[in-house]
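Below you'll find the structure, written out as structure tokens, and then a few comments.
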Amino acid sequence: GAGVSQSPRYKVAKRGQDVALRCDPISGHVSLFWYQQALGQGPEFLTYFQNEAQLDKSGLPSDRFFAERPEGSVSTLKIQRTQQEDSAVYLCASSLAPRGDTEAFFGQGTRLTVV
Amino acid sequence: AQTVTQSQPEMSVQEAETVTLSCTYDTSESDYYLFWYKQPPSRQMILVIRQEAYKQQNATENRFSVNFQKAAKSFSLKISDSQLGDAAMYFCAYRSGHRDDKIIFGKGTRLHILP
Chain A
1 GAGVSQSPRY
11 KVAKRGQDVA
21 LRCDPISGHV
31 SLFWYQQALG
41 QGPEFLTYFQ
51 NEAQLDKSGL
61 PSDRFFAERP
71 EGSVSTLKIQ
81 RTQQEDSAVY
91 LCASSLAPRG
101 DTEAFFGQGT
111 RLTVV
Chain B
1 AQTVTQSQPE
11 MSVQEAETVT
21 LSCTYDTSES
31 DYYLFWYKQP
41 PSRQMILVIR
51 QEAYKQQNAT
61 ENRFSVNFQK
71 AAKSFSLKIS
81 DSQLGDAAMY
91 FCAYRSGHRD
101 DKIIFGKGTR
111 LHILP
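Read top to bottom, the protein sequences are chains A and B.
Taking the numbering used here, the leading residue of the first sequence gets 1, the next gets one more, and so forth.
Taking the numbering used here, the leading residue of the second sequence gets 1, the next gets one more, and so forth.
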């Protein structure tokens, strides 16, 4: 596709349920980022992949959060045993090269609501 | 650690007028990039303008320009001839130039355009 695609756009989960959020980056993009954006706040970094390697996961808030990118393309963010504080928009971004000067392109995000 | 601060949670401007959004940042690095992103209700994060720290000249993109004061670590965004479509959340962001590092966002400024 032409841009970064995320699915689903909306997800409602019952507390305690596991969820999986998908990100399809722009084809050929090496770098992939996940961010968490609470309502009315700026995006907070969760984790970063360079191809299939997860180079930085310092932003993952707990061990209930897990991300993977097994073939260096599609990425999945999994949240186990969801809690109400996990409610947020989850944004994915990709960039062509692992350099700070390359533009990052964002998807439209997945809005997760935990009830 | 790098930080980005936006001190204006909300701003309003009359259509066709000029508005300036403020941003300050903190870093010990010499090579970095600064960005302004626009996030409309669709949640798509759109890059508005980018500034390389090594460039003294302020970046300009049509109606959007920045005032980059490196010594003061200030990076404000000026929107001229404001249009209704400019209404959105605006995020100031920082990225290291030394490595493919995460983008660090401020908390955002919500811009209202008054017809």
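Glycine included, each C-beta is placed from N, C-alpha and C at the ideal position.
Keep in mind the model is a prediction, meaning the values are calculated, not measured.
Beta carbons nearer than 9 Å to chain A: which residues of the stretch 49 to 71 of chain B have them?
Taking 9 Å as the Cβ-Cβ cut-off against chain A, the residues of the stretch 49 to 71 of chain B that qualify are Arg50 and Glu52.
Thinking glutamine 6 of chain A and glycine 107 of chain A are a contact (beta carbons under 8 Å), I'd like their distance in whole angstroms, please.
Indeed they touch by this definition, with Cβ atoms about 4 Å apart.
Hey, alanine 13 of chain A and threonine 76 of chain A: beta-carbon distance below 7 Å or not?
No, the Cβ-Cβ distance between alanine 13 of chain A and threonine 76 of chain A is not below 7 Å.
Beta strand (DSSP E) segments (min. 3 residues) lying fully within the stretch 2 to 71 of chain B:
Fully enclosed beta strand (DSSP E) runs of 3 or longer: 3 to 5, 10 to 14, 19 to 21, 24 to 26, 32 to 39, 46 to 52 and 64 to 69.
Between which two residues does the beta strand (DSSP E) carrying serine 94 of chain A extend?
In the DSSP assignment, serine 94 of chain A falls within the unbroken beta strand (DSSP E) covering 88 to 95.
From the DSSP output, in three-state form, read off glutamine 50 of chain A for me.
Correct three-state label for glutamine 50 of chain A: strand.
Answer yes or no: does any C-beta atom of chain A fall closer than 7 Å to that of serine 96 of chain B?
Cβ-Cβ to chain A under 7 Å: yes for serine 96 of chain B.
For lysine 107 of chain B versus glutamine 6 of chain B, is the C-beta distance shorter than 7 Å?
Closer than 7 Å, so yes.
With DSSP as the reference, identify every bridge partner of isoleucine 95 of chain B, one or two as the case may be.
With the sequence shown as reference, residue 95 of chain B is identified as arginine, and isoleucine is not the correct amino acid for it. Beta-bridge annotation (DSSP): arginine 95 of chain B is paired with B:Tyr33.
What does DSSP give as the partner residue(s) for leucine 77 of chain B in the beta ladder?
In the DSSP output, where bridge partners are listed per residue, leucine 77 of chain B has B:Leu21 and B:Val66.
Check for me: the beta strand (DSSP E) holding aspartate 101 of chain B runs from which residue to which?
For aspartate 101 of chain B, there is no enclosing beta strand (DSSP E), as DSSP marks it with neither H nor E.
Applying a beta-carbon distance threshold of less than 9 Å, which residues of chain A neighbour leucine 21 of chain B?
Simply none; closest approach about 13 Å.
Which residues in the same chain have their Cβ closer than 7 Å to the Cβ of aspartate 31 of chain B, if we skip the five residues on either side of it in sequence?
For aspartate 31 of chain B, the CB contacts under 7 Å within the same chain, skipping 5 residues up- and downstream, are Ala53, Tyr54, Gly97 and His98 in chain order.
Going straight from the alpha carbon of lysine 11 of chain A to that of serine 27 of chain A, what length do you get?
Their backbone Cα atoms lie some 25 Å apart in a straight line.
Can you name the residues of chain B whose CB is closer than 7 Å to the CB of alanine 104 of chain A?
One finds Ile103 in chain B with Cβ atoms closer than 7 Å to the Cβ of alanine 104 of chain A, taken in chain order.
What residues in the stretch 82 to 94 of chain A bring their beta carbon closer than 9 Å to a beta carbon of chain B?
Within the stretch 82 to 94 of chain A, the residues whose Cβ lies closer than 9 Å to any Cβ of chain B are, in chain order, Val89, Leu91 and Ala93.
Straight-line gap, alanine 16 of chain B to tyrosine 25 of chain B (C-alpha atoms, nearest Å):
Alanine 16 of chain B and tyrosine 25 of chain B: Cα-Cα distance of roughly 29 Å.
With DSSP collapsed to three states, give me the class of glutamate 71 of chain A.
In this structure, glutamate 71 of chain A counts as coil in the three-state DSSP scheme.
Please state the DSSP three-state secondary structure of glutamate 44 of chain A.
Three-state DSSP puts glutamate 44 of chain A in a strand.
Best match in A:Leu39, A:Gln17, A:Arg81 and A:Pro25 for proximity to tyrosine 48 of chain A [C-alpha to C-alpha]
Of A:Leu39, A:Gln17, A:Arg81 and A:Pro25, the residue nearest in Cα terms is A:Pro25.
Since I believe serine 87 of chain A is in contact with serine 31 of chain A (beta carbons under 8 Å), could you give me their beta-carbon distance rounded to a whole number of angstroms?
Their Cβ separation, rounded to whole angstroms, is 27 Å, which puts serine 31 of chain A and serine 87 of chain A out of contact at 8 Å.
Paired residues, beta bridge with glutamine 6 of chain A - DSSP
Looking at the DSSP output, glutamine 6 of chain A shares a beta bridge with A:Cys23.
Could you check if proline 115 of chain B is buried or exposed, using at least 16 other CB atoms within 10 Å of its CB as the buried criterion?
Around the beta carbon of proline 115 of chain B, fewer than 16 other beta carbons lie within 10 angstroms, which makes this residue exposed.
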